[in-house]
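In order, the protein sequence lines correspond to chains A and B.
Using this note's numbering, read the first sequence as starting at 2 and increasing by one per residue.
Using this note's numbering, read the second sequence as starting at 2 and increasing by one per residue.
Let me begin by presenting the structure, written as structure tokens, before commenting on it.
Number of protein chains: 2
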Amino acid sequence: MRFSDRMGGVRRSYIREILKVTSRPEVISFAGGLPNPDFFPVAELAQAAAGVFESSGQEALQYSTTEGFLPLREYIAARYKDRHGILADPDEILITTGSQQGLDLVGKVFVNPGEGVVIERPGYIGAIQGFSMFGAKFHAVDLSETGIDTGALDRTLEQTGAKLFYAVPNFQNPSGVSYDDKTRKETAEILSRHACLLIEDNPYGELRFMGQGLPLVRAYMDSPSILLGSCSKIVSPGLRLGWVLAPREVILKMVTAKQASDLHSSTLAQHILHNYLTRFDVDAHIQKIRAAYKLQRDLMVQAIQENFPKTVRFTEPEGGMFLWVTLPEGFSAVRLFDQAIEKNVAFVPGKPFYVDGTDNTFRLNFSNSSPERIREGMARLGRCLTELMD
Amino acid sequence: MRFSDRMGGVRRSYIREILKVTSRPEVISFAGGLPNPDFFPVAELAQAAAGVFESSGQEALQYSTTEGFLPLREYIAARYKDRHGILADPDEILITTGSQQGLDLVGKVFVNPGEGVVIERPGYIGAIQGFSMFGAKFHAVDLSETGIDTGALDRTLEQTGAKLFYAVPNFQNPSGVSYDDKTRKETAEILSRHACLLIEDNPYGELRFMGQGLPLVRAYMDSPSILLGSCSKIVSPGLRLGWVLAPREVILKMVTAKQASDLHSSTLAQHILHNYLTRFDVDAHIQKIRAAYKLQRDLMVQAIQENFPKTVRFTEPEGGMFLWVTLPEGFSAVRLFDQAIEKNVAFVPGKPFYVDGTDNTFRLNFSNSSPERIREGMARLGRCLTELMD
Chain A
2 MRFSDRMGGV RRSYIREILK VTSRPEVISF AGGLPNPDFF PVAELAQAAA
52 GVFESSGQEA LQYSTTEGFL PLREYIAARY KDRHGILADP DEILITTGSQ
102 QGLDLVGKVF VNPGEGVVIE RPGYIGAIQG FSMFGAKFHA VDLSETGIDT
152 GALDRTLEQT GAKLFYAVPN FQNPSGVSYD DKTRKETAEI LSRHACLLIE
202 DNPYGELRFM GQGLPLVRAY MDSPSILLGS CSKIVSPGLR LGWVLAPREV
252 ILKMVTAKQA SDLHSSTLAQ HILHNYLTRF DVDAHIQKIR AAYKLQRDLM
302 VQAIQENFPK TVRFTEPEGG MFLWVTLPEG FSAVRLFDQA IEKNVAFVPG
352 KPFYVDGTDN TFRLNFSNSS PERIREGMAR LGRCLTELMD
Chain B
2 MRFSDRMGGV RRSYIREILK VTSRPEVISF AGGLPNPDFF PVAELAQAAA
52 GVFESSGQEA LQYSTTEGFL PLREYIAARY KDRHGILADP DEILITTGSQ
102 QGLDLVGKVF VNPGEGVVIE RPGYIGAIQG FSMFGAKFHA VDLSETGIDT
152 GALDRTLEQT GAKLFYAVPN FQNPSGVSYD DKTRKETAEI LSRHACLLIE
202 DNPYGELRFM GQGLPLVRAY MDSPSILLGS CSKIVSPGLR LGWVLAPREV
252 ILKMVTAKQA SDLHSSTLAQ HILHNYLTRF DVDAHIQKIR AAYKLQRDLM
302 VQAIQENFPK TVRFTEPEGG MFLWVTLPEG FSAVRLFDQA IEKNVAFVPG
352 KPFYVDGTDN TFRLNFSNSS PERIREGMAR LGRCLTELMD
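Quick look at the structure:
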């Protein structure tokens, strides 16, 4: 088989390989990036589906427009207005097959082979994979507890003239870090000055369970930008529905690219989601998720403090699903993983989130584990760390 | 906005533009490529959905594997064995977001910019769009009533060394043509000899309503090939589910590419489809579709014979959804379209199905019109043709 050159540059997902090892039932795993299925609105979505089949079954089962179901786009536009004061026209919204497809479409529509894309360090692996397919050359800029290193961002854009900056400013995957307000403002100013296009990915924005909500980076921009959203973390990832908010000229190109990609996203899933959002109280639902995740996050932070050596650092996220651990220089999270899996506890080593192979970090997911498993898992992991660092 | 170079080479869909004009309620349109929604199994899919939410709601709403829902892949493998004698392992099947995503993944995994892809002339527009995204250089080989011109295929492969051949051997879109058995055998021999990879797309294969069923081209191949399938024409396109059957090494690459494209296809849609297929009699359902489409096709053929000038040629498909009309040399189907739309009748001019701009052909869809509209529409179109050719 003569595969394309682009497939040579794309790594097979390390996380997928890890998830195979960690799926054994005796393993307490914090490796996956899954929302907690106990908080999927199963009964409500069942009613929504029944309603859709009852009222518009033929339409929901037919081909539909590439842009997506108009009432769903109208709902999303109205919600952006309510929550962020963003005045978006439904024609500036494109429904995608999950947020991942938003990344694929950004790659298709913007990235020529060899062109520069600035990403966070560590960075979201789905974006690295998505843009890799189109030959992006990555420039990674360090992320700290307050967000992207704006000095380094400025220098990187100066030196590389990179076309795009991909950012997850709220509760980033993998680090759990959020940009503070000053960093958001500076980021916007730097991007505008360099005419660098912001791709702002906000899948976790609604999952803030403590601290002060902040404006999106785009709110501070003088120039147009692209915002990616998703229903995966607030309703259900199995529907595979996300969206892109972008200027009309970008949406037009993306529609052409999406047509070539999958024609349109599942009509049925779009109708069910719209029915659910308009019939049930999604805000009350999100409130339930927030309360549960806060409890799980607090427990994990407390258990880490009790069990991990003091030289191990970790983030204390105010929302989202992940927490990020940094070992002292010289220690390997991949080695720790091998020891941990022997004790039936798992996480994702940080390596795949870097384009340069850094190995002293790892990601813990707190959204998909019960309090008991979090306590027991952190105790086991603490013992592994003590052994490793002894 | 600085878009990627690849977007310059991709035409905005002409068909989409046409469908806007033809969607006015007073227009009798044969332009769309839609299956007849009267034959969607709405009540059965509603029961299937209820069953899924009842028995496995959390699982159906969660992230899942990129390969797709294993029981669905097992069902597809078993059906290939029953109907085609193909021994496929479920690991050789990848569930895609419609067959269109199969084309996108073929492009991602195989096509380097400038590499040759042989297509049928006229060719399926979704494939032209899909492969265009990856810089394919198209070589079009004429299609006649018996299938691809095998002499021309042989010469084209000899001259260009093209890597892929994309074919729709059953009831092709747009022409309605099927390859006869001799052409299938010769095609397989030629492709094997040139080490050209066959991409065999079979969305309409189950919609044969007359004539003798024939083996897939792949059945005659000595070398591996790729088969695309879809539930869009036999169950529902709104589920957006198709699949790829390919050797394991290809599936592995495609899984990596699909992960970067949309992670996986809708878990919910996959569970609903599987529940439907295993609980209800899909073969009886397909039989109903076939009977209805045959009636509509027969009526259209008869109405064409009664209303069109005798110098106008047309295909008489034994299945599928489309019929193809060829005007005598020198007449323009685009001009005919303008006249037809004034008489409130519509079709798709053939131009977008050629990479060279041929303009004396057009496509008629018979699956999505009632007998009354077919009779009235062909009468109107006959008058337009008489005027145009007078």
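Idealized CB from N, CA, C, for every residue including glycine.
For chain B, find out if any of its Cβ atoms is closer than 8 angstroms to the Cβ of residue i; answer yes or no.
| i | result |
| --- | --- |
| Met-222/A | no |
| Glu-250/A | yes |
| Arg-274/A | The amino acid at residue 274/A is misidentified as Arg; the sequence shows Leu. Judged by the 8 angstroms Cβ criterion, Leu-274/A is not in contact with chain B. |
| Ser-266/A | yes |
| Ser-14/A | yes |
| Phe-54/A | yes |
| Met-322/A | no |
| Ser-226/A | no |
| Ser-5/A | yes |
| Ala-270/A | yes |
| Thr-47/A | Note on identity: in this sequence residue 47/A is Ala, with Thr being the wrong assignment. Yes, contact with chain B. |
Do we get a CB-CB distance below 8 angstroms when we pair residue i with the residues of chain A?
| i | result |
| --- | --- |
| Tyr-167/B | no |
| Pro-238/B | yes |
| Pro-353/B | no |
| Phe-172/B | no |
| Lys-164/B | yes |
| Gly-378/B | no |
| Arg-241/B | yes |
| Tyr-64/B | yes |
| Val-409/B | For chain B, the structure presents residues 2 to 391; residue 409/B sits outside this window and is missing. |
| Asp-357/B | no |
| Ala-341/B | no |
| Met-134/B | yes |
Please report the distance separating the alpha-carbon of residue i from that of residue j.
| i | j | result |
| --- | --- | --- |
| Asn-113/A | Glu-18/A | 30 angstroms |
| Leu-337/A | Leu-215/A | 36 angstroms |
| Arg-156/B | Ala-220/A | 59 angstroms |
| Ser-24/A | Gly-33/A | 9 angstroms |
| Gln-101/A | Ala-293/A | 26 angstroms |
| Ala-247/B | Cys-232/B | 18 angstroms |
| Phe-210/A | Glu-319/A | 6 angstroms |
| Lys-259/B | Thr-66/B | 11 angstroms |
| Gly-9/A | Thr-97/B | 22 angstroms |
| Phe-40/B | Arg-241/B | 17 angstroms |
| Gln-59/B | Gly-124/B | 42 angstroms |
| Tyr-180/A | Ala-347/B | 54 angstroms |
| Leu-35/A | Thr-257/B | 19 angstroms |
Buried or exposed: residue i, going by 16 or more other Cβ atoms within 10 Å of its Cβ?
| i | result |
| --- | --- |
| Ala-196/A | exposed |
| Arg-74/A | buried |
| Asp-263/A | buried |
| Ser-145/A | exposed |
| Met-134/B | buried |
| Glu-250/B | exposed |
| Gly-83/A | It is worth fixing the name first, because residue 83/A is Asp in this sequence and not Gly. Classification of Asp-83/A: exposed, given that the 10 Å Cβ count is below 16. |
| Ser-30/B | buried |
| Lys-254/A | buried |
| Ser-5/B | buried |
| Ala-79/B | exposed |
Would you mind giving the Cβ-Cβ distance between residue i and residue j, rounded to the nearest angstrom? I have them listed as a contact below 8 angstroms.
| i | j | result |
| --- | --- | --- |
| Gly-148/A | Val-178/A | 7 angstroms |
| Val-313/B | Leu-328/B | 6 angstroms |
| Ala-270/A | Ile-375/A | In fact, because the Cβ distance is near 32 angstroms, the residues do not count as touching under 8 angstroms. |
By the criterion of Cβ-Cβ separation under 8 angstroms, what are the contact partners of residue i in chain B?
| i | result |
| --- | --- |
| Phe-348/A | Result: empty, since nearest Cβ-Cβ is about 18 angstroms, beyond 8 angstroms. |
| Met-8/A | Lys-109, Val-110, Lys-254, Thr-257 and Ala-258 |
If the cut is a Cβ gap below 9 angstroms, which residues of chain B does residue i touch?
| i | result |
| --- | --- |
| Pro-310/A | In chain order: nothing, as chain B lies at least about 33 angstroms away. |
| Gly-69/A | In chain order: nothing, as chain B lies at least about 12 angstroms away. |
| Leu-88/A | Ordered by position in chain B, no residue passes the 9 angstroms Cβ test against Leu-88/A, which lies about 20 angstroms from the chain. |
| Ala-137/A | Those within 9 angstroms of Ala-137/A in chain B number zero; the least Cβ separation is about 11 angstroms. |
| Ala-50/A | Ala-47, Ala-50, Ala-51, Val-53, Phe-54, Leu-269 and Ile-273 |
Give the interface partners of residue i over in chain A, defined as CB-CB distance under 8 angstroms, in chain order.
| i | result |
| --- | --- |
| Pro-38/B | Gln-59, Glu-60, Leu-62 and Gln-63 |
| Asp-299/B | Ordered by position in chain A, no residue passes the 8 angstroms Cβ test against Asp-299/B, which lies about 24 angstroms from the chain. |
Applying a beta-carbon distance threshold of less than 7 angstroms, which residues of chain A neighbour residue i?
| i | result |
| --- | --- |
| Met-2/B | Glu-250 and Val-251 |
| Gln-130/B | Gln-260 and Ala-261 |
Residue i versus chain B: which residues are under 7 angstroms apart at the beta carbon?
| i | result |
| --- | --- |
| Leu-35/A | Gln-63 and Tyr-64 |
Residue i versus chain A: which residues are under 9 angstroms apart at the beta carbon?
| i | result |
| --- | --- |
| Ala-189/B | By Cβ distance, chain A contributes nothing, its closest Cβ being about 18 angstroms from Ala-189/B, past 9 angstroms. |
Inset, instruction - Please name the residues in the region 91-116 of chain B whose beta-carbon is closer than 7 angstroms to at least one beta-carbon of chain E, in chain order. - result: Within the model displayed, chain E is absent; protein chains A and B are what it includes.
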